[in-house]
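Here's the structure, in structure tokens; my notes come after.
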Amino acid sequence: MDIRTTSPRDAFEKAIQKAWELHQQETIKIHVAPGGGAYRKWPRAHFHGTPEFFLQVGGATSFECPGGAFRLKHGEIAIVPAGVPHAEEPCFLSSPYSTIVAMWNPEGFSLLRSFSDEKNRIGAKEVLEVRGKSGRNAFNFLSQITEDPIFSSLMRDFQNQLVGAFLVALLSDLKGGSSVADPESLTPLVSSARKVALAQLSDPTLGLK
-14 MDIRTTSPRD
-4 AFEKAIQKAW
6 ELHQQETIKI
16 HVAPGGGAYR
26 KWPRAHFHGT
36 PEFFLQVGGA
46 TSFECPGGAF
56 RLKHGEIAIV
66 PAGVPHAEEP
76 CFLSSPYSTI
86 VAMWNPEGFS
96 LLRSFSDEKN
106 RIGAKEVLEV
116 RGKSGRNAFN
126 FLSQITEDPI
136 FSSLMRDFQN
146 QLVGAFLVAL
156 LSDLKGGSSV
166 ADPESLTPLV
176 SSARKVALAQ
186 LSDPTLGLK
């Protein structure tokens, strides 16, 4: 699906709506990044103070974390636990590279669509800040997936139910919440700076220096 043909808000809504429909049909794969090394430096990696949600809408992404590596393919979902460092590398497979990323913020959540430049570096564009209580609180569902001790035979159902609730919460705020779009594409450098800022804003020891 090419999400570049409509406004950012409509494009994100359509992509997440499609993911929810596929999830209802139990045809979408969910990856949970391995834990370990939380809140520590890792080569080429960054981390966030809250869980991060990825939806691959083109190409694929290779993830490397202290606890292991995995590849997120077109149409799949990944959840990275809070504090887990992760390095991302684009993989051009059957379609141009593109990933939708959802991140928590105090007023709701942020959505961005990532791209890869000619040097195979990941940048971001079509950034959308969505204000809404449902989406903001839904990141607790991702925390439950990555932190709650669930008996192994029930884990898949537990994950599926919470991912479904997470997608519905995002859709609810996209359909009814307020938002602010960034009309400018972000270069890889600015995108990286943005990720660092978002990752560290939740640090209670963060000072002016």
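Numbering (our numbering), first residue to last: -14 to 194.
Positions of the beta carbon are idealized from the N, C-alpha and C atoms, including for glycine.
- Boundaries of the alpha helix (DSSP H) harbouring Q2: -7 to 9, taken from the DSSP string.
- Its chain contains P36, F38, I64, F151 as the residues whose beta carbon lies nearer than 7 angstroms to that of L127, once the 5 sequence neighbours on both sides are disregarded; these appear in chain order.
- For E61 against I107, the beta-carbon gap comes to about 17 angstroms, at or over 8 angstroms, which does not count as contact.
- Comparing C-alpha distances from E49 to each of G22, Q146, L78 shows the shortest one belongs to G22.
- Boundaries for R56: no alpha helix (DSSP H) harbours it, while the beta strand (DSSP E) harbouring it runs 53 to 57, taken from the DSSP string.
- Look at S79 here: in three-state DSSP terms it is coil, with no helix or strand label.
- Under the three-state reduction of DSSP, N105 is assigned to coil, being neither helix nor strand.
- The beta-carbon separation of V148 and I15, rounded to 6 angstroms, stays under the 8 angstroms limit for a contact.
- Below 8 angstroms, enough C-beta pairs join the stretch 40 to 56 and the stretch 68 to 80 to call them touching: three or more.
- Residue state for V148 is assigned as helix, using DSSP reduced to three classes.
- Of Q9, G117, G52, G43, the smallest CA-CA separation from A30 is found for G52.
- Beta-carbon to beta-carbon, R25 and P70 are separated by about 7 angstroms, close enough to satisfy the 8 angstroms threshold.
- Note on P66: 16 or more other CB atoms within 10 angstroms of its CB, so buried under the neighbour-count rule.
- Going by beta carbons, S99 and A109 fall inside the 8 angstroms limit.
- Close CB contacts of S119 within its chain, under the 6 angstroms cut and outside five residues either way in sequence, are with A154, S157, D158 (chain order).
- C-alpha of T131 to C-alpha of S(-8): approximately 33 angstroms in a straight line.
- Annotation: the continuous beta strand (DSSP E) that includes A63 extends over 62 to 65.
- When DSSP states are grouped into helix, strand and coil, A18 belongs to the coil group.
- By the neighbour-count criterion, in which a residue is buried when 16 or more other Cβ atoms sit within 10 angstroms of its Cβ, L139 is exposed.
- In the structure shown, the three-state DSSP call for F39 is strand.
- If you look at F136, you'll find it isn't in any beta strand (DSSP E); DSSP assigns it neither H nor E.
- According to the DSSP secondary-structure assignment, A45 is paired through a beta bridge with C76.
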